[in-house]
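2 protein chains.
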Amino acid sequence: MIRVGINGYGTIGRRVAEAVMKQNDMKLVGVVKNTPDYKARLAVAKNIPLYCVDDSGVSKFRKAGFDVSGVLDDLLKEVDVIVDCTPGDVGKTYRERYFGAGVRAVFQGGEEADVAETSFVAQCNYERAVGRRSVRVVSCNTTGLCRVLNAFDTAFGLERARVVIARRAVDPEETSKGLIDAVVLDPVEIPSHHAEDVNTVLPHIDIVTMALKVPTTHMHLHSLILSLRQKPTREDMLKALSETTRVKLFWRSEGFKGTANLYEYGRELGRPRGDIYEACVIGDSVTVKDNEVFLYLGVHQEAIVVPENIDAIRALMGEASAEQSIKATNQSLGIV
Amino acid sequence: MIRVGINGYGTIGRRVAEAVMKQNDMKLVGVVKNTPDYKARLAVAKNIPLYCVDDSGVSKFRKAGFDVSGVLDDLLKEVDVIVDCTPGDVGKTYRERYFGAGVRAVFQGGEEADVAETSFVAQCNYERAVGRRSVRVVSCNTTGLCRVLNAFDTAFGLERARVVIARRAVDPEETSKGLIDAVVLDPVEIPSHHAEDVNTVLPHIDIVTMALKVPTTHMHLHSLILSLRQKPTREDMLKALSETTRVKLFWRSEGFKGTANLYEYGRELGRPRGDIYEACVIGDSVTVKDNEVFLYLGVHQEAIVVPENIDAIRALMGEASAEQSIKATNQSLGIV
């Protein structure tokens, strides 16, 4: 049984916590949370032990009527792996504390790549993380891209990837950041950081990414323009995608025209929070012109990295192969 | 003096009417409008004679207290050129009426290409429209793309253009269509119609376009991925753009990060309605990688075709060269 702790109970932490609880080979020891809000109440309702970073947090929680199991250092004594789900660039400030306690650590894609020994997308490079002390699950956009690009690269040889990413402006609950009537270049310069991040997982791919922020909250939408070494037919490409785990094809004939339908589908599916763990390729958009392929890809920013976090835990512990871990994770989360 | 009438007083018609009034060689005889609303009141305030399509429209206007100068057929008797600014695909239903009256006609990009003898972007193919009976000014996105693509093609040879267009969902006043928290593939299939439309003006260019609808009202935002025959430096490219009329460079160091700043700039400039007639290239985004160029392009959907409409009128009448017409139009509209 792999004993797991989670530091941070935000968008990703909440989801990873529940996913850990669904694994037969893992036990969720507790989560670290700093604000005694409704999300803390919901954690209690799910019998998730609460920890705080330090004693001042503990007092705050106890004052608000919460049971607290201890501080971060107490949690670190009880776990084999800590999943750092703190905000971007905060994880690195905890790194030495994790390692000092002899605990292996999973970091998120909001950290710089050098926070961990390797960056990680399970179906692309699981083996590189096996037995390591630390691993970084790459960001949602990078995860979605890596799954699809790796599928094409494996099947047909990927010569070049050019991608335009329309990013949701904020997550649904980030009301303070607001939505504006504008498209914001994010950043103005080209390439965006996503290209470099894809290369932390798939180093040999020639990729340039451009990123825009648009006033939506549900999902990122990627426009992919790929050059392949081979000239497969459209059917070959659809077959390659449909045979790739964690990539799912959606069709306009079934009503999928954009992110709104994907979001609705996720909610209807009955998964927690309407989460979509798969990279969502719009099948009708897959278009071939000589050796080029064009397609649209939707990425549920809150959810797509959840299976990777679970696999990353297993990889660090070295107790399962990529195939075994991916299969177990998929089964537990309802990914078919 | 070229006598000009305008059929339709919506987003484009209003703007073309005022632009015509600013030309030394043109006289606005009147505009055809069908609803006696606040826009009709504003036309009256500008001393623009009002016409209706038919007698029932005239009664409606007179009942609402408007002076009406007559019906469309009356207007057609008084003009050399009619600029059709009716909604998309409506223009073609008037075509025979215009020609039957012996009037030359300018159509908009919402019509199919075969509505007119040729499609038109002044700085790309003015000569092709000279002396014709009809011309079609292409849509806003196509106009913006043609200006930029033609500049690169002329200077460096354009091998291939791949473009992702983030389209504003609706114009500012189209409240009934609404904005939604989603990115909509528009259409799901690739390429979007813009590629074919660019080829009506620049037939030899290998272009694929992909189009998304995003919940904004101000400007379209294009992500351009171009392959050139030559390998110019970034400076060469910026120079080519800065020397191209109706293309303007904007810089992040001066605060331009997306469409919101461009829109604000237009309003500050003091032009009517905050209109931006230029194709807006974000200079910082112009990025070179071997023989590829990447850049972002903003297109003010309401305004960019206004100068083309004016030049199209002159081209039909055959009374000015491209250079003369573009210069006169630019001067009258404050394009430097």
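Those protein sequences? They're chains V and X, same order as listed. Numbers 142 to 477, taken from this note's numbering, label the letters of the first sequence in order. Numbers 142 to 477, taken from this note's numbering, label the letters of the second sequence in order. For each residue, glycine too, the CB sits at the ideal point set by N, CA and C.
Query, Result
"Taking one C-beta from the segment 191 to 205 of chain V and one from the segment 167 to 180 of chain X each time, how about it: are there three or more such pairs within less than 8 angstroms?", "no"
"Answer yes or no: do I423(X) and V304(V) have a C-beta to C-beta separation smaller than 7 angstroms?", "no"
"Is K389(V) helix, strand or coil when you go by DSSP?", "strand"
"Does the structure place the segment 359 to 377 of chain X close enough to the segment 424 to 433 of chain X that three or more beta carbon pairs sit under 8 angstroms?", "yes"
"I'd like to know whether the C-beta atoms of Y192(X) and A456(X) end up nearer to each other than 7 angstroms.", "no"
"Could you work out which residues of chain X lie near S462(V), taking near to mean beta carbons separated by less than 8 angstroms?", "Within chain X, no residue comes near S462(V); the closest Cβ sits about 37 angstroms away, beyond 8 angstroms."
"With a threshold of 7 angstroms between beta carbons, is S383(X) in contact with chain V?", "no"
"Buried or exposed: which applies to R156(X), given that a residue is buried once 16 or more other Cβ atoms fall within 10 Å of its Cβ?", "buried"
"Mind listing the chain X neighbours of R303(V)? Cutoff is C-beta to C-beta under 7 angstroms, in chain order.", "R303 and I366"
"Hey, which unbroken runs of the beta strand (DSSP E) at 3 residues or more fall wholly within the segment 310 to 369 of chain V?", "348 to 355 and 361 to 369"
"Between the segment 391 to 410 of chain X and chain V, which residues of the former have a C-beta closer than 7 angstroms to a C-beta of the latter?", "R393, K398, G399, T400 and A401"
"What are the residues in the segment 316 to 346 of chain X lying within 7 angstroms of chain V by C-beta distance?", "I321, D322, A323, V324, V325, L326, V329, E330 and I331"
"If the criterion is Cβ atoms closer than 7 angstroms, does the pair R203(V) and R245(V) meet it?", "no"
"Roughly how many whole angstroms lie between the Cα atoms of M142(V) and K168(V)?", "7 angstroms"
"Report yes or no: is there a C-beta of chain V within less than 7 angstroms of the C-beta of T152(X)?", "no"
"Would you call the segment 275 to 291 of chain X and the segment 234 to 248 of chain X touching, i.e. three or more CB-CB distances under 8 angstroms?", "yes"
"Does the Cβ-Cβ distance between L326(X) and K398(V) come in under 7 angstroms?", "yes"
"Short of 7 angstroms Cβ to Cβ, which residues in the segment 423 to 446 of chain X face chain B?", "No chain B appears in this structure, whose protein chains are V and X."
"Going by beta-carbon coordinates alone, are N402(X) and G411(X) separated by less than 7 angstroms?", "no"
"Looking at A205(V) and I467(V), is the spacing between their C-beta atoms short of 7 angstroms?", "no"
"When the distance is taken between beta carbons, is T400(V) closer than 7 angstroms to G439(V)?", "yes"
"Listing by chain order, which chain V residues have their CB less than 9 angstroms from the CB of L213(X)?", "Within chain V, no residue comes near L213(X); the closest Cβ sits about 36 angstroms away, beyond 9 angstroms."
"With a threshold of 16 other CB atoms inside 10 Å of the CB of Y437(V), please say whether the residue is buried or exposed.", "buried"
"Determine contact between the segment 288 to 297 of chain X and the segment 374 to 391 of chain X, defined as no fewer than three beta-carbon pairs at a distance below 8 angstroms.", "yes"
"Can you find a C-beta in chain V that's less than 7 angstroms from the C-beta of T295(X)?", "no"
"Using the DSSP secondary-structure output, state which residues sit across from N148(X) in a beta bridge.", "V173(X) and D225(X)"
"Considering F248(X), what are the terminal residues of the beta strand (DSSP E) in which it resides?", "R245 to F248"
"Hey, is M351(X)'s beta-carbon within less than 7 angstroms of any beta-carbon in chain V?", "yes"
"Just the Cα atoms here: how many angstroms apart are R387(V) and V349(X)?", "28 angstroms"
"Taking the alpha-carbon of H334(X) as reference, which of S364(X), T283(X) and V161(X) has the nearest alpha-carbon?", "T283(X)"
"What does a CB cutoff of less than 8 angstroms around D416(V) pick up in its chain, not counting 5 residues either side in sequence?", "R156, G407, H441, E443, A444 and V447"
"Taking a contact to mean a Cβ-Cβ separation below 7 angstroms, would you say R301(X) touches A420(X) in this structure?", "no"
"Sort E219(X), E464(X) and R269(X) by Cα distance to P344(X) and report the nearest one.", "R269(X)"
"Which runs of the beta strand (DSSP E) at least 3 residues long sit entirely within the segment 371 to 443 of chain X? Give them in chain order.", "388 to 391, 420 to 423, 428 to 430 and 433 to 440"
"Is the beta carbon of T470(V) sitting closer than 7 angstroms to the one on I451(V)?", "yes"
"Assign R182(V) to buried or exposed, taking buried as 16 or more other Cβ atoms, counted over all protein chains shown, within 10 Å of its Cβ.", "exposed"
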